Structure formats: C-alpha cells, structure tokens
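Letter by letter, the sequence shown follows residues 5 to 336 in the numbering used here.
The C-beta atom is built at its ideal place from N, Cα and C for all residues, glycine as well.
Note that the structure is a prediction, hence the values are computed from the model and not measured.
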Amino acid sequence: MLAKISQSMALAALALAAARMMAAPGVIQPGEAWLDNRGQRIQAHGGGITVWKGTYYWFGEDRTPANDPEKRYVACYLSRDLVRWKFRGQVLVLSDPEHLGPQWVLERPKVYANARTGKFVMYAHLDDARYKFARVMIAVSDRIDGIYNFVKSFRPLDEESRDIGQFVDDDGAAYLIFESRPTKGFFIAKLTDNLMNVEKTCFIPAPLEGGALVHYGNLYYVVGSHMTGWRPNPNVYATAPALAGPWTEFRNLAPPEVNNYESQSTMLLKVTGSRKTIVIFMGDIWHPKELWDSRYLWMPLEIGDSSMHLPPPQPWSLNMNTGEWSIRPEIK
Ligand code: GAL
Numbered sequence: 005m006l007a008k009i010s011q012s013m014a015l016a017a018l019a020l021a022a023a024r025m026m027a028a029p030g031v032i033q034p035g036e037a038w039l040d041n042r043g044q045r046i047q048a049h050g051g052g053i054t055v056w057k058g059t060y061y062w063f064g065e066d067r068t069p070a071n072d073p074e075k076r077y078v079a080c081y082l083s084r085d086l087v088r089w090k091f092r093g094q095v096l097v098l099s100d101p102e103h104l105g106p107q108w109v110l111e112r113p114k115v116y117a118n119a120r121t122g123k124f125v126m127y128a129h130l131d132d133a134r135y136k137f138a139r140v141m142i143a144v145s146d147r148i149d150g151i152y153n154f155v156k157s158f159r160p161l162d163e164e165s166r167d168i169g170q171f172v173d174d175d176g177a178a179y180l181i182f183e184s185r186p187t188k189g190f191f192i193a194k195l196t197d198n199l200m201n202v203e204k205t206c207f208i209p210a211p212l213e214g215g216a217l218v219h220y221g222n223l224y225y226v227v228g229s230h231m232t233g234w235r236p237n238p239n240v241y242a243t244a245p246a247l248a249g250p251w252t253e254f255r256n257l258a259p260p261e262v263n264n265y266e267s268q269s270t271m272l273l274k275v276t277g278s279r280k281t282i283v284i285f286m287g288d289i290w291h292p293k294e295l296w297d298s299r300y301l302w303m304p305l306e307i308g309d310s311s312m313h314l315p316p317p318q319p320w321s322l323n324m325n326t327g328e329w330s331i332r333p334e335i336k
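Following this line, the structure appears as structure tokens:
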C-alpha cells in the first residue's frame, strides 16, 4: 500500500515537473535563473532592449566568469516573445580603451538603431576602478547583432556621467538618460541625428541612478534608484506631461519595506498589443560578489493616471499579440 502511494506520488511529481517544463518557455520568472537557447545563463546585466524589425534585442553586461579579466564584454540576445532568448554573441569585447587601469568599468550598455543609415550605436558607462572618469563610450556596428567597434568616449554635455539609461519615444526620437553627481540630478538628453552625441533636453534635480523612462498615455514616467551602489533600495518615480516638465515629486514604486524586491531599475519596456499596452519594469537583482549570478526582475507595472506601482514578483506570461498578461502561480 505504502509503496503504491509513494509510486503515485512520484508519478504526480514527474507529471508536475513535465508540466512545468512545458509551461516554462512562455513564462517569465522574476529572480530565477534565466537560460538562453544554449541552456546557459543570460548575461545581460544592467541591460537594455532595442526593437528592430519586429524583433527584440537584449544587450547587457556579460559577466561570464571565464571572460578575460582584462576585457569587458557586452552580450546580445534576440527574442520575439521576450521569454525565449537566442544568444547572438559577445558583440563587444573591449580592451581598456582609455588607459583606465585595473578593474576598469564598462556598465549598462544600450544600443540605438539609426533607421536612416542602418547603423547601430552602443552607449555604455565607461569608468576607472574609482568611478572618477565618469564618461560614456560609443561603439558602432553595421548590424544590430554584429561586432561593435569602439569609437570614442566623452562626457555628455560636458557633465560627469555614470549610470545611463535609454529611451526611444513613440516618434522615434532617442534619448540618453545619465546621472551626474556634481549637478545632483540626472539629464535626459536627445541624441543627435547620427546618434553620436547628445543635446540637452531636460535636467531633473533628483540624485537618482538606474534611470529609466516610458511614455504611457499622455504622460512620461521616469524611474530611478537612490545611490547605494550594488545594494538595492526603494526605487521611485515621477511623471510629467512633457520631457521638459513640470515633473511631479518622486514617489515610491513599491512599499519601501519590500526594498524594490531587492532589484534596481534598468529599463521600462512598453509593449503595445491589440487590446492592451503593458509596461514592463526591468530590474537587476545584483549579486556583487558573483555578478554573473545576478538575476533579473521583470514585472508588468500597474500604471496610469500619473501613478505607477511595481507588484510583488511572480511568474507571469504575456500574450505578445494582445498585450494581455497573467500571473502563473502554478509555476512556482
Ligand atoms: C550602482 C550602479 C551599477 C554599478 C554599481 C557599482 O549604483 O547602478 O550600475 O555602477 O553601482 O557600485
């Protein structure tokens, strides 16, 4: 009798595991290990998404332990459903381009597409070990998932620049968000036509990093984290009818005691379906001692009427056609 019960329990467990495996491809599981088409962990930390010809390209810091410690790497993945990601390669493999010395830093890469010229421009935060260099670097490629070649580094608007964020408006205009410590705030700066420089659009006097922006309804929503390095903190948001403002006060994205579910903002991704438009909060759950093991927290935001809320992370799936999403509690 006992043997029979344990046999049927084992069968039930197997069936559950099989159901999970079948369900898994369509489900985003915040905080879990996220594997690419090779079965390897996605290395796209501090990342950004570029939409090109109906396909999503995810770029980010590649912290693979086997990487050459003298170099810095950006990996690229592509997907049509935001769940299954195909590794396209380490599109940037860079040796210290500005004599920054040991432990030099390349973080938060973002790629912009120039529809006019068919060229692709990568921005990233470039720094020395003490974060004093405070510049962006630019690398270019002829293909979105081709090899990117370093062009130059500079201080946007001649300001110190550390964390960067990326925003492309509904009209196609591209913006760089960058945190600037001496000015105690962050800039939203429009990229020039060739995407190789920026011009001032707006300065928000709030010392926040991990800046991300979305245009939803008639409002712009900006998100950022406080400056606590790799340690998470309650992320905050503000809204404005135009990028130039006026911006509201910053408010918490989630109850402060949940500490943004241990994550830090990197991007807000809008997906417009036939029935709904959703905005996905893309955050990093940093594991500073083993950065390669850092996780991703992606959740649809509750957004509208000048308010934005990050719900508790749970497995969820998205219908890319309709824009409808649902919680998938059975996965956990
Ligand atoms: C964070 C920043 C990360 C990284 C880290 C280093 O505040 O968002 O991108 O620079 O500090 O301490």
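{"Query": "Could I get the ranges of all uninterrupted beta strand (DSSP E) runs contained in the segment 282-322, with 3 residues as the minimum, in chain order?", "Result": "299-304, 306-308, 311-313, 320-322"}
{"Query": "For a test of the three-state rule: what should DSSP assign to TYR60, helix, strand or coil?", "Result": "strand"}
{"Query": "What does DSSP give as the partner residues of MET271 in its beta bridges?", "Result": "MET286"}
{"Query": "Does the contact criterion of 3 or more C-beta pairs under 8 angstroms hold for the segment 172-192 versus the segment 204-221?", "Result": "yes"}
{"Query": "Rounding to the nearest angstrom, what Cα-Cα distance links VAL301 and THR252 in this structure?", "Result": "The sequence as given places Leu at residue 301; Val does not occur at that position. Using only the alpha carbons, I get a separation of about 26 angstroms."}
{"Query": "If you follow the beta strand (DSSP E) that TRP329 is in, where does it begin and where does it stop?", "Result": "329-331"}
{"Query": "I'd like the span of the beta strand (DSSP E) that includes LEU98, first residue to last.", "Result": "90-99"}
{"Query": "Identify, in the order they occur along the chain, each residue of the same chain with its Cβ nearer than 7 angstroms to the Cβ of PRO245, setting aside the five sequence neighbours on each side.", "Result": "ASN222, LEU223"}
{"Query": "Quick check on the burial criterion: 16 or more other C-beta atoms within 10 angstroms. Buried or exposed for GLU334?", "Result": "exposed"}
{"Query": "Could you tell me whether the Cβ atoms of LEU273 and VAL262 are closer together than 8 angstroms?", "Result": "no"}
{"Query": "Go to ASP149, then tell me how far its beta strand (DSSP E) extends in each direction, as first and last residue.", "Result": "Neither: ASP149 is in no beta strand (DSSP E) and is coded neither H nor E."}
{"Query": "Among the candidates THR196, PRO292, ARG134, whose CA atom is the shortest distance from the CA of ILE161?", "Result": "Note on identity: in this sequence residue 161 is Leu, with Ile being the wrong assignment. Looking at the Cα atoms, THR196 is the closest of the given residues."}
{"Query": "Determine the contact status of ARG185 and GLU164, defining contact as a CB-CB distance below 8 angstroms.", "Result": "yes"}
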